[in-house]
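181 is the number that this note's numbering gives to position 179 of the sequence shown; each next residue is one higher, with no gaps.
Where is the CB? At the ideal position from N, CA and C, for every residue including glycine.
Since the structure is predicted, the reported quantities are computational estimates derived from the model, not experimental observations.
One structure is given here, and the rest of the page talks about it.
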Amino acid sequence: MPATHSRIAENYHAVLKRLESACARSGRQIDAVTLIAVTKYARMEWVRSLIRLGVRDLGESRPQQLEERVPLVAEPVRWHLIGHLQRNKVRRVLPLVDTIQSVDSLRLLMRIEKTAAELSMRPRLLLEVNVAGEPSKDGFSPHELATHWNEVLSCKNVAVHGLMTMAPRAADAESTRPVFRHLRELRDRLVSVSPESIRLTELSMGMSRDFDVAIEEQATMIRIGSELFAGLNA
Ligand SMILES: *Cc1c(COP(=O)(O)O)cnc(C)c1O
3 MPATHSRIAE NYHAVLKRLE SACARSGRQI DAVTLIAVTK YARMEWVRSL IRLGVRDLGE
63 SRPQQLEERV PLVAEPVRWH LIGHLQRNKV RRVLPLVDTI QSVDSLRLLM RIEKTAAELS
123 MRPRLLLEVN VAGEPSKDGF SPHELATHWN EVLSCKNVAV HGLMTMAPRA ADAESTRPVF
183 RHLRELRDRL VSVSPESIRL TELSMGMSRD FDVAIEEQAT MIRIGSELFA GLNA
């Protein structure tokens, strides 16, 4: 449907404009930030529109929908799992994704480590941190991650590339800034107690309503859903 495609194009370009302004404000290069289109509520036709527009990073939050969609896309896209993964689905998900961004517990990490060894893979992972300590959200607490850091470092079959967080829903984006800053400072602290090879370069933070602030706080990946599909009915 051309009307749908042009609406998505308009939305996408508006998001890119915000991304560019945030980079300009914070003295960052635009290619330092990867836009991940979150397609969990999008129709497949909308996903195709985004791919036509040049989007190559797609985020799904449910392993089942991810599994259904991966074979439907012929273009070389990178799929990111951004939602909770049960340990019994690790084996099925690993071959499908570029990155699992939502590694939210040591038990899950250990299962991925074991399965990756069996499959002779070295998956890219981000560790999800529940910075604000919201009971409704998954993720490591900052304290837990620091305490168990040596166990994370002992995993040799995975590549931990950084941290991911979801800020609490707030009335204004500005009030989420401390959460993003906290994630960055946690990353810096973990890097300082890690071997040289552990750089944790990726900070996946910022969604439709707050990604401008996340970019100012050094996000390298932003995860955008609703803003790309504004004005469309699922
Ligand atoms: C849905 C979702 C997003 C996208 O949120 P929007 O507000 O729709 O941009 C980002 N990250 C995660 C983990 C999500 O589940």
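query                                                                                                                                     : result
By how many angstroms is the C-alpha of Ser-138 removed from the C-alpha of Leu-202?                                                      : 26 Å
Please determine, among Ala-134, Glu-130, Val-133, Arg-113, the residue with the shortest C-alpha to C-alpha distance to Arg-124.         : Arg-113
Please indicate yes or no: does the CB of Met-112 lie closer than 8 Å to some heavy atom of ligand 1?                                     : no
Using the Cα positions of Arg-126 and Glu-12, report the straight-line distance between them to the nearest angstrom.                     : 32 Å
Could you check whether Ser-51 and Ile-102 sit closer than 9 Å to each other, using their CB atoms as the reference points?               : no
Leu-74: buried (16+ other C-beta within 10 angstroms of its C-beta) or exposed?                                                           : exposed
With burial defined as no fewer than 16 other Cβ atoms inside 10 Å of the residue's Cβ, what is the status of His-145: buried or exposed? : exposed
Please determine whether the Cβ atom of Lys-42 lies at a distance below 8 Å from any heavy atom of ligand 1.                              : yes
Please state whether DSSP places Val-40 in a helix, a strand or coil.                                                                     : strand
Could you tell me which residues DSSP puts in a beta bridge with Thr-101?                                                                 : His-82, Arg-126
Roughly how many angstroms lie between the CA atoms of Leu-111 and Asp-212, to the nearest whole one?                                     : 28 Å
Looking at Ile-217 and ligand 1, is the gap between the Cβ and the nearest heavy atom below 8 Å?                                          : no
Helix, strand or coil for Ile-10 per DSSP?                                                                                                : helix
Residues in its own chain within less than 6 Å of Ser-206 by CB, not counting five upstream and five downstream?                          : Gln-103, Leu-128, Met-166, Met-223
Would you identify the three-state DSSP class for Glu-70, choosing helix, strand or coil?                                                 : helix
Given 8 Å as the limit, is there contact between the segment 40-50 and the segment 87-101, that is, 3 or more CB pairs closer than that?  : no
Which full runs of the beta strand (DSSP E) of 3+ residues lie inside the segment 175-219, going along the chain?                         : 204-206
Let me know the secondary structure DSSP gives His-150 once reduced to three states.                                                      : coil
Taking Cβ to Cβ, would you say Val-40 is nearer than 9 Å to Arg-171?                                                                      : no
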